[in-house]
């Protein structure tokens, strides 16, 4: 088996494994496990799949994605849909929504982000990071401040645990970025600046 | 076509498709949770309830369809419950006072249905009513006679029950309004008996 085939089959197999009933059940019994493990894992696996795309496909896609703009938009809009409590519930209860979840997170979130990130400039990358941190804080605050279950499938305690976890993750990423801003390099490496966009 | 134009075109398509998907997924930016979706759907298209065999707190058997011809306020409970069902029990006892007239003349009935029928025999159901100070008018507590009946009812009402990991349950506690022709027409929050009474009185006055 060639390396490219391996690059393709390993993530695809892992996605199929995540969609298998035992793993699905294990990760979907808790809201925290679903939002912090299942959904991000699906997106990361989609990102790995991007490496398996043949060069001519990547070149063709790049022509429609200057500065990583389209890919970022696609990933943002799709992940926004999966942040709706109603969508999380439906992804557990309705088979067709579950199918949409297991396909769209790898192919419409992870893959376009992985393809577009290298094309994004410094400013856009900064905006993405800020927005990721802000989303963690927004959702975390929402989950902690809501006195009712947002998802009918999950308990209030689970929702609040997820709220604290999101605040912690948002805070962690913020500290990490702050550390890089204070202690890191301000100039881009020469290769980065010269690379065609 | 220059790449910049291509990117703009692709981005516009993505925003249009994404906006449409978001609009559909939220019923026009109104519905963000499954519970709201249930209520919006019930108000827009009242659901004809299936006929299910029940047993009341005195041990008598009856069918849900026997109760047609009057308005019904329905809640789902289980008698071992320590949280929301207590709110619902208190609500029903209050509604007995606020809606005493229609309850007495038979144009309205309160119906508590247990979703834990294996445990909630007629004695437990009667105790549930007593615990909240049943005033003795127009309140029936009942349990479905078989699992299929419970499933049919749960599906029709949009009942969602989750195990709480401590031997109990959490459910989407609410009070449902059924019209005299047996259609589920509205759903109210638990813990707001005044609003429920006002809504029922408006319906009765129509």
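Protein chains in written order, with my numbering: chain L, 96 to 292; chain H, 29 to 234. For every residue, glycine included, the Cβ atom is placed at its ideal position computed from N, Cα and C.
Distance, residue j Cα to residue i Cα
i: residue 230 of chain L; j: residue 261 of chain L; result: 9 Å
i: residue 267 of chain L; j: residue 137 of chain L; result: 22 Å
i: residue 109 of chain L; j: residue 188 of chain L; result: 22 Å
i: residue 198 of chain L; j: residue 50 of chain H; result: 17 Å
i: residue 170 of chain L; j: residue 114 of chain L; result: 21 Å
i: residue 44 of chain H; j: residue 206 of chain L; result: 20 Å
i: residue 222 of chain H; j: residue 40 of chain H; result: 49 Å
i: residue 144 of chain L; j: residue 115 of chain H; result: 51 Å
i: residue 271 of chain L; j: residue 241 of chain L; result: 29 Å
i: residue 91 of chain H; j: residue 120 of chain H; result: 21 Å
i: residue 206 of chain H; j: residue 89 of chain H; result: 20 Å
i: residue 143 of chain H; j: residue 186 of chain H; result: 13 Å
i: residue 219 of chain H; j: residue 155 of chain H; result: 21 Å
i: residue 86 of chain H; j: residue 184 of chain L; result: 38 Å
i: residue 217 of chain H; j: residue 133 of chain L; result: 32 Å
i: residue 34 of chain H; j: residue 52 of chain H; result: 27 Å
i: residue 246 of chain L; j: residue 193 of chain L; result: 15 Å
i: residue 226 of chain L; j: residue 176 of chain L; result: 16 Å
i: residue 107 of chain L; j: residue 165 of chain L; result: 24 Å
i: residue 118 of chain L; j: residue 152 of chain L; result: 32 Å
i: residue 46 of chain H; j: residue 196 of chain H; result: 40 Å
i: residue 36 of chain H; j: residue 191 of chain L; result: 31 Å
i: residue 294 of chain L; j: residue 139 of chain L; result: Since the first residue shown for chain L is 96 and the last is 292, residue 294 of chain L is missing from the structure and cannot be characterised.
i: residue 247 of chain H; j: residue 199 of chain H; result: Past the boundaries of the shown model lies residue 247 of chain H; chain H is included only from 29 to 234, so the question cannot be answered.
Cβ neighbours of residue i in the same chain (closer than 7 Å, five flanking residues each side left out)
i: residue 165 of chain H; result: 124, 128, 131 and 132
i: residue 163 of chain L; result: 211, 212, 214, 215 and 219
i: residue 99 of chain L; result: 147
i: residue 208 of chain H; result: 96, 97, 98 and 99
i: residue 174 of chain L; result: 204
i: residue 118 of chain H; result: 160
i: residue 97 of chain L; result: none
i: residue 277 of chain L; result: none
i: residue 112 of chain L; result: 118
Residue i and residue j closer than 8 Å at C-beta
i: residue 112 of chain H; j: residue 227 of chain H; result: no
i: residue 126 of chain H; j: residue 153 of chain H; result: no
i: residue 102 of chain L; j: residue 141 of chain L; result: no
i: residue 84 of chain H; j: residue 150 of chain H; result: yes
i: residue 38 of chain H; j: residue 160 of chain L; result: yes
i: residue 55 of chain H; j: residue 48 of chain H; result: no
i: residue 265 of chain L; j: residue 239 of chain L; result: no
i: residue 68 of chain H; j: residue 204 of chain H; result: no
i: residue 172 of chain L; j: residue 42 of chain H; result: yes
i: residue 192 of chain H; j: residue 250 of chain L; result: yes
i: residue 31 of chain H; j: residue 158 of chain L; result: yes
i: residue 210 of chain H; j: residue 93 of chain H; result: yes
i: residue 82 of chain H; j: residue 232 of chain H; result: no
Cβ-based neighbour list, residue i, same chain, cut-off 6 Å, excluding 5 preceding and 5 following
i: residue 196 of chain L; result: 186
i: residue 167 of chain L; result: 211
i: residue 70 of chain H; result: 212 and 215
i: residue 141 of chain H; result: 104 and 170
i: residue 248 of chain L; result: 184 and 187
Near the ligand SAH: residue i beta-carbon under 7 Å from a heavy atom
i: residue 198 of chain H; result: Judged by which ligands are present, the structure shown has none, so any question about the ligand SAH falls away.
Chain C contact for residue i (CB, 8 Å cutoff)
i: residue 97 of chain L; result: Among the protein chains in the structure shown, which are L and H, there is no chain C.
Neighbourhood of residue i by C-beta, 8 Å cutoff - its chain only, sequence neighbours within 5 removed
i: residue 244 of chain L; result: 250, 251 and 254
Exercise for review: Determine, using beta-carbon pairs with one atom in the segment 101-110 of chain H and one in the segment 144-159 of chain H, whether at least three such pairs fall under 8 Å.
Suggested key: yes
Exercise for review: Would you check if there are 3 or more beta carbon pairs closer than 8 Å linking the segment 177-186 of chain L to the segment 54-67 of chain H?
Suggested key: yes
Check your understanding: Contact between the segment 95-103 of chain H and the segment 131-151 of chain H: three or more CB pairs below 8 Å?
Key -> yes
Exercise for review: Kindly confirm or deny that the segment 248-262 of chain L and the segment 124-141 of chain L touch, where touching means at least three C-beta pairs closer than 8 Å.
Suggested key: yes
Check your understanding: Taking contact to mean at least 3 C-beta pairs separated by less than 8 Å, is the segment 75-83 of chain H in contact with the segment 174-190 of chain H?
Key -> yes
Review point. Hey, is the segment 227-242 of chain L in contact with the segment 181-192 of chain H, meaning 3+ C-beta pairs nearer than 8 Å?
Key: no
Point to revise | 4-residue-minimum alpha helix (DSSP H) runs that sit fully inside the segment 194-270 of chain L, ordered along the chain | key: 206-211 and 217-240
Point to revise | alpha helix (DSSP H) runs wholly inside the segment 161-193 of chain L, at least 4 long, in chain order | key: 164-176 and 180-188
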